[in-house]
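What follows is a short report on a single structure.
Protein chains: 2
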Amino acid sequence: MQHDLITIDSEAWDALAAAAADPSQPFRYLTLASLGRCQFPEARTVVLRSAKSATRVLEFHTDTRSPKWQELQDNGNTTILGYSDVLKLQLRLRGEIDLAPPGSPEADRVWSRLPPHTRATYQGGPPGDELPPEGAPAAHAPMSAPEETGRDRFGVLSFKALSLDWCRLERNNSLRARFSYGPSGELNGASWVSP
Amino acid sequence: MQHDLITIDSEAWDALAAAAADPSQPFRYLTLASLGRCQFPEARTVVLRSAKSATRVLEFHTDTRSPKWQELQDNGNTTILGYSDVLKLQLRLRGEIDLAPPGSPEADRVWSRLPPHTRATYQGGPPGDELPPEGAPAAHAPMSAPEETGRDRFGVLSFKALSLDWCRLERNNSLRARFSYGPSGELNGASWVSP
Chain Y
7 MQHDLITIDS EAWDALAAAA ADPSQPFRYL TLASLGRCQF PEARTVVLRS AKSATRVLEF
67 HTDTRSPKWQ ELQDNGNTTI LGYSDVLKLQ LRLRGEIDLA PPGSPEADRV WSRLPPHTRA
127 TYQGGPPGDE LPPEGAPAAH APMSAPEETG RDRFGVLSFK ALSLDWCRLE RNNSLRARFS
187 YGPSGELNGA SWVSP
Chain B
7 MQHDLITIDS EAWDALAAAA ADPSQPFRYL TLASLGRCQF PEARTVVLRS AKSATRVLEF
67 HTDTRSPKWQ ELQDNGNTTI LGYSDVLKLQ LRLRGEIDLA PPGSPEADRV WSRLPPHTRA
127 TYQGGPPGDE LPPEGAPAAH APMSAPEETG RDRFGVLSFK ALSLDWCRLE RNNSLRARFS
187 YGPSGELNGA SWVSP
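As given, the protein sequences belong to chains Y and B, one line each in that order. Positions 7 to 201 (our numbering) are the ones given, in order, by the first sequence. Positions 7 to 201 (our numbering) are the ones given, in order, by the second sequence.
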């Protein structure tokens, strides 16, 4: 395997790890694409919470009352897309999502480390539910429910990457490479592809 | 329909039009999610080329040798996602894609207005094709093919929005609203939803 390709793969995962640790870094906000109801392709922005290059696992948190929780239970096939306008870099990962539901050891472990303001985001109504037409914005104000209410709705999404499509845009000189990962996360394929 | 919701919808489409006109604006780079082969959800970054609020149509350009062209021919159901970290705003549009293939009046019309450096991006090998392992980056250098070569691979994607999910993130006070559009692009539904 070419040395420069190995370096590109390694730097891509370093960038993901940096984003998980620091909200100001590129790739903090990623797109999660999945299959919705009636086989409609869905996509939404998610916040990267953890990135482990050794196992090729990305972690996201979600309210389990959101449509995406149900969708991912039905079909865990997922594309994760990141684009940085600053770096002119696109990272496109294909893989599968595992769900850790409320009350599972994994969800409880993660919940126990969340700061209060993050826990509070799980105290509102079910995401996507229609609100009364008048005075609606006020209904978004912080709830007075006990902080622990959110625990019953808190789920962890673990995305296991099987491949990475890396693309750096540059006028007339873009570069693109594709990487594949084995079951333990080892890099087992890398090649340049036409951008 | 509430006045503030009508304003939010109108401002969202103004932002899309601004991005189509100016590469430095938020929402210039959007995610296009579609159904890939074997019903796998696919997502990639696309450049917004035009946004018409009257008809709710967004325009994108693509190399028709790319996998997404084939995928969208098979199934035009699409989610377009935009996220601006500066505005803390997510725009999530659902709709359908129409394809104008190479040689169609629409593709020819758009091609005739493209600057030479943009035309040049359609002169390389088929997007996603594997390149020889050695010296690959050099293979990405501009081709010496005549500029008009690209015309035979140039397609236009017209996305017609049926709904918009608008979400502004703010710590403990996020706002979210949903809009639906009629066949002529008229706003025919708007409501606040739980964020």
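We put the CB at the ideal spot given by N, CA and C, even for glycine. Remember, predicted model here, so these are calculated numbers, not experimental data.
Cβ closer than 8 Å: which chain Y residues qualify as neighbours of SER40/B?
Listed along chain Y, the residues sitting closer than 8 Å to SER40/B by beta-carbon distance are PRO47.
Please decide whether TRP198/Y counts as near chain B, where near means a Cβ-Cβ distance under 8 Å.
It does: the Cβ of TRP198/Y has a partner Cβ on chain B nearer than 8 Å.
Would you please verify whether the beta carbon of TYR35/B is less than 8 Å from any beta carbon of chain Y?
It does; some Cβ of chain Y falls within 8 Å.
Could you check the C-alpha separation between THR51/B and LEU87/Y for me, to the nearest Å?
One Cα belongs to THR51/B, the other to LEU87/Y, and the distance between them is close to 8 Å.
Where does GLN45/B sit, in a helix, a strand or coil, going by DSSP?
Note: GLN45/B maps to helix in three-state DSSP.
Sequence-distant residues of its chain with Cβ nearer than 6 Å to ALA21/Y (five each side left out)
These residues qualify, in order along the chain: PHE33.
Does the separation of the CB atoms of GLY156/Y and ARG115/Y fall below 8 Å?
The answer is no: Cβ separation not under 8 Å.
Report all residues from its chain with a CB closer than 8 Å to the CB of LEU11/Y; omit the five preceding and five following residues, and keep chain order.
Closer than 8 Å at the Cβ level, and outside the excluded window around LEU11/Y, lie ALA183, PHE185, ALA196, SER197 and TRP198.
Would a check of beta-carbon distances place TYR89/Y closer than 8 Å to chain B?
Yes - at least one Cβ of chain B is within 8 Å of the one on TYR89/Y.
Check the Cβ-Cβ distances between PRO201/Y and every residue of chain B, and say whether any is below 8 Å.
Cβ-Cβ to chain B under 8 Å: yes for PRO201/Y.
Judging by CA-CA distance, which residue of LEU78/B, GLU154/B and SER30/B is the nearest neighbour of PRO121/B?
That would be GLU154/B, whose Cα lies nearest to the Cα of PRO121/B.
contact_flag[the segment 38–51 of chain B, the segment 73–93 of chain B] where n(CB pairs < 8 Å) is 3 or more
Yes: the two stretches touch, three or more of their Cβ pairs being nearer than 8 Å.
N-terminal and C-terminal residue of the alpha helix (DSSP H) that SER16/B is part of
It spans 9–27 - the alpha helix (DSSP H) in which SER16/B sits, taken as one unbroken run.
At least one CB of chain B closer than 8 Å to the CB of ASN178/Y: is that the case?
Yes, contact with chain B.
Look up LEU78/B in the DSSP assignment and say whether it is helix, strand or coil.
Here LEU78/B carries a helix assignment [DSSP, helix/strand/coil].
Between the CA atoms of GLU112/B and GLN129/B - distance to the nearest angstrom:
Whole-angstrom Cα-Cα distance: 20 Å.
Would a check of beta-carbon distances place ASP15/B closer than 8 Å to chain Y?
With a threshold of 8 Å between beta carbons, ASP15/B makes no contact with chain Y.
Report the rounded CA-to-CA distance for LEU175/Y versus PRO138/Y, giving the unit in angstroms.
Going by the C-alpha atoms only, they are around 45 Å apart.
Can you pull out the residues from the segment 90–102 of chain Y whose beta carbon lies closer than 9 Å to at least one beta carbon of chain B?
Those residues of the segment 90–102 of chain Y that come within reach of chain B (Cβ to Cβ, closer than 9 Å) are ASP91, GLN96, ARG98 and ARG100.
If you measure from the CB of ILE12/Y, is any heavy atom of the ligand MN nearer than 7 Å?
With respect to small molecules bound, the structure shown includes none, and the ligand MN cannot be examined in it.
So ALA106/B is in the beta strand (DSSP E); what residue range does that whole segment cover?
Unbroken beta strand (DSSP E) run through ALA106/B: 95–106.
Does DSSP classify ASP171/B as helix, strand or coil?
Here ASP171/B sits in strand by DSSP.
Applying the 10 Å Cβ sphere with the 16-neighbour rule, what's the burial state of ASP69/Y?
Buried: at least 16 other Cβ atoms inside 10 Å.
Taking 8 Å as the CB-CB limit, is ALA26/B close to chain Y?
Interface with chain Y (8 Å Cβ-Cβ cutoff): ALA26/B is excluded.
Do VAL63/B and SER190/B come within 8 Å of each other at the CB atom, strictly closer than that value?
No, they are not a contact pair.
Whose C-alpha, out of SER110/B, LEU181/B and TYR35/B, is nearest the C-alpha of GLY131/Y?
Residue LEU181/B is the option with its Cα nearest to GLY131/Y.
Please compile the residues from chain B whose C-beta is within a distance smaller than 9 Å of the C-beta of HIS123/Y.
In chain order: ARG177 and ASN178.
So for ARG113/B, helix, strand or coil by DSSP?
Checking the displayed sequence, the identity of residue 113/B turns out to be Ala instead of Arg. ALA113/B sits in a helix when the DSSP states are folded into three classes.
Quick one: give me the first and last residue of the beta strand (DSSP E) that ALA196/Y is part of.
Unbroken beta strand (DSSP E) run through ALA196/Y: 193–198.
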